[in-house]
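In this text, residue positions in the sequence shown follow the working numbering: the first is 4, and each later residue adds one.
The C-beta atom is built at its ideal place from N, Cα and C for all residues, glycine as well.
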Amino acid sequence: GDLPFGTDLHTALEESRAEKARTGKPALVFVDFTGMTCTNCRYNEHNVFPRADVKELLKKFRLVQLYTDWVPEVAYKNSPSQTARAEEAELNRNFQHNVFRTSQLPLYVILEPLITGGVKVLGVYDEGKINDPAGFAAFLRDALDAAANP
């Protein structure tokens, strides 16, 4: 629904880093590795993300969706070529595989951009279809707590 997911991880990390520098508070990025053809991704987006407890927590993150199969046209300001959409999906897929050693969808990752540059991984949620929404909410809460109380 109305959760503000972007598709540009670099920008989200830069904005979070700037926010942390400005406020002194941690600013975290929630990365949703997803796919156009991923049934469990849609299930989570329609049944888990809209839950009041989950939604309130997600709003505390910068939200980024990285499509690993095909980047939807709505993700772009100007309509890109089919090739560009496929290439971006491949970059996202390689990033997921190289950093997190899995190609599973969905995969949810919480990143804390460090002022010094670099990024700290605060959490990886790899259940796929979320069967325990309360557990997912706890995963989000734990990352926020860990960042607030290092």
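By the Cβ neighbour-count rule, residue 37 is buried, with 16 or more other Cβ atoms within 10 Å of its own. By the criterion of a C-beta distance shorter than 7 angstroms, residue 128 is surrounded in its chain by 111, 139 and 142, once the five residues flanking it on both sides are discounted. Under DSSP, residue 126 shares a beta bridge with 113. Under the three-state reduction of DSSP, residue 33 is assigned to strand. Going by beta carbons, residue 19 and residue 153 fall outside the 8 angstroms limit. Cβ neighbours of residue 92 within its own chain (closer than 7 angstroms, five residues either side excluded): 70, 71, 72, 73 and 74.
At the C-beta level, residue 16 and residue 32 come within 8 angstroms of one another. By alpha-carbon distance to residue 11, the top candidate from 145, 105, 123 and 65 is 65. Annotated as distal: residue 67 and residue 121, with beta-carbon spacing of 8 angstroms or more. Of the residues 104, 95, 118 and 109, the one whose Cα lies closest to the Cα of residue 51 is 109. For the pair residue 95 and residue 105, the Cα-to-Cα distance works out to about 12 angstroms. Contact between residue 54 and residue 136 holds: their C-beta atoms lie close to 6 angstroms from each other, under 8 angstroms. For the region 5-68, the continuous beta strand (DSSP E) assignments of 3+ residues that do not extend past its boundaries occur at 32-37, in sequence order. Nearest in C-alpha terms to residue 132, of all of 13, 35, 123 and 61, is 35.
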